[in-house]
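A.B. asks: The sequence shown maps to residues 966 to 1242 in the numbering used here. Yeah, the Cβ is synthetic: ideal placement off N, Cα and C, and Gly gets one too.
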Amino acid sequence: MSTSVPRTALADGTEIDVLGYGVYKVPPEDTAGLCSTALAAGYRLLDTAALYGNETGVGAAARAFLEGADRQDLFITSKVWNDDHGFDATLRAFDATMDRLGLDRLDLYLIHWPCAPRDLYVESWRALDRLRAEGRVRSIGVSNFQRPHLERLVTETGVVPAINQIELHPYLQQRELRAFHALHGIATQAWSPLGRGRVLDDPVIVRISEELGCTPAQVILRWHLQHGILTIPKASSRERISSNLDVFGFTLEEAHVADLDVLDRDQRFGSHPDRVG
Ligand SMILES: NC(=O)c1ccc[n+]([C@@H]2O[C@H](COP(=O)([O-])OP(=O)(O)OC[C@H]3O[C@@H](n4cnc5c(N)ncnc54)[C@H](OP(=O)(O)O)[C@@H]3O)[C@@H](O)[C@H]2O)c1
């Protein structure tokens, strides 16, 4: 039986699933199969990137799914890689992504990292704005942007990203950036929501999962959802893919949320945006 994922509206009006399936490090040869498993389980948002080398598999699963569904039932995200910053290079990268996906429209296109030392992210942002104006992508956003990068985009282009996709889990709660997003109508989407699996054995999370009779991953994903944070967990087995989606039939109590809120320790499992250039 498949679960239906609630959607929420971005500031630009596009409806987006609050939880999707991320495919970073999913091997290209496994991607179509695992994405089809995720779609059969009820996921409708697939998060890929040029970097991941598996857009072709995502596209194959998407096209197979669309044989029996409307395009609006599916939400595909991809991202422009660091080597393709700049206006023209970003437009070319988008075309290559769409060729690999085999789709004529993307739902969300993100600048993967600001790469501040290259100083080209504003030009890439203008390219994304062009793609949206042309109707080739429904929503545009960024990833791993910090407050100064966001401020510069808005100052120089007047176009506010619909989303900033950032590393976010109980050990890295990003409170200041989330508050800035809220003030400017930017949705927060969490990557590595499970801390790449390394937050799952935290004693507080395990204790709450035992109290509620659910998995530690489900506790963490509920915590994101109850804070209004969109999320895209990755998993490699049918069982984990399904159970990570089965988070809409229970809620954490306020005390549970408070216990998770104090786990923040500014710990990253991925790169710091200042170190990716
Ligand atoms: N924008 C960016 O810069 C950026 C960076 C990183 C990731 N992302 C996106 O965010 C997505 C998720 O992040 P992530 O893949 O880094 O990490 P994650 O979703 O936090 O964690 C994935 C890890 O947790 C394990 N796992 C998943 N569900 C589990 C469960 N129910 N029980 C136990 N273990 C479980 C997975 O194992 P198995 O795979 O073995 O099942 C995998 O090792 C990515 O796939 C990608 O789409 C974006």
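In this structure, how does DSSP classify Arg1233 when only helix, strand and coil are distinguished?
C.D. replies: What you label residue 1233 is simply residue 268 of the sequence shown in a count that begins at 1. Looking at Arg1233 - three-state DSSP - the assignment turns out to be coil, as it is neither helix nor strand.
A.B. asks: Is the Cβ-Cβ distance between Thr1042 and Asp1049 less than 8 Å?
C.D. replies: In the sequence shown, counting from the first residue as 1, residue 1042 sits at position 77. In the sequence shown, counting from the first residue as 1, residue 1049 sits at position 84. No, the pair does not count as a contact, with Cβ atoms beyond the cut-off.
A.B. asks: Report all residues from its chain with a CB closer than 6 Å to the CB of Val1241; omit the five preceding and five following residues, and keep chain order.
C.D. replies: By 1-based counting over the sequence shown, the position of residue 1241 is 276. Correct list, in chain order: Trp1078.
A.B. asks: Mind the definition here: the segment 1104 to 1113 touches the segment 1126 to 1139 only if three or more C-beta pairs lie below 8 Å; say whether that holds.
C.D. replies: Touching, per the Cβ criterion.
A.B. asks: Going by beta carbon distance, what residues of the same chain come within less than 6 Å of Thr979, once the five residues before and after it are set aside?
C.D. replies: Within the sequence shown, numbered from 1, the residue matching residue 979 stands at position 14. The residues are Arg1103 and Ser1104.
A.B. asks: May I ask you to check if the CB of His1192 is nearer than 7 Å to at least one heavy atom of ligand 1?
C.D. replies: Counting from one through the sequence shown, the residue named residue 1192 turns up at place 227. No, Cβ of His1192 sits at least 7 Å from all heavy atoms of ligand 1.
A.B. asks: Would you check whether ligand 1 has a heavy atom nearer than 7 Å to the C-beta of Gly1242?
C.D. replies: Numbered from its first residue, the sequence shown carries residue 1242 at position 277. Gly1242 Cβ: outside cutoff for every heavy atom of ligand 1.
A.B. asks: Taking 7 Å as the line, does the beta carbon of Ser1157 fall inside it for any heavy atom of ligand 1?
C.D. replies: Along the sequence shown, read from residue 1 onward, the residue named residue 1157 stands at position 192. Checking the Cβ of Ser1157 against ligand 1 gives yes.
A.B. asks: Is Trp1156 helix, strand or coil by DSSP?
C.D. replies: Locating residue 1156 in the sequence shown gives position 191, counting from the first residue. If DSSP states are grouped into helix, strand and coil, Trp1156 belongs with the strands.
A.B. asks: Output needed for Gly987: all residues of its chain with C-beta closer than 6 Å, excluding positions within five of it in sequence on either side, in chain order.
C.D. replies: As a first step, residue 987 must be located in the sequence shown, where it is residue number 22. Same-chain partners within the cutoff: Asp1012, Ile1197 and Lys1199.
A.B. asks: Please go through the same chain and pick out, in chain order, the residues whose beta-carbon is closer than 8 Å to the beta-carbon of Ser1001, but skip the five residues on each side of it.
C.D. replies: Within the sequence shown, residue 1001 is the residue found at index 36, counting from 1. The residues are Ala1026, Ala1029 and Phe1030.
A.B. asks: With a cut-off of 8 Å, do at least 3 Cβ pairs link the segment 1202 to 1217 to the segment 1074 to 1093?
C.D. replies: No, they do not touch.
A.B. asks: Compare the Cα-Cα distances from Val991 to each of Val1023, Ser1174 and Gly1051 and report the closest residue.
C.D. replies: The residue labelled residue 991 in the question sits at position 26 within the sequence shown. Closest by alpha carbon: Val1023.
A.B. asks: Should the segment 1164 to 1181 be called in touch with the segment 1144 to 1153, which here means at least 3 C-beta pairs below 8 Å?
C.D. replies: As far as the Cβ criterion goes, the segment 1164 to 1181 does not touch the segment 1144 to 1153, which means the pair count is below three.
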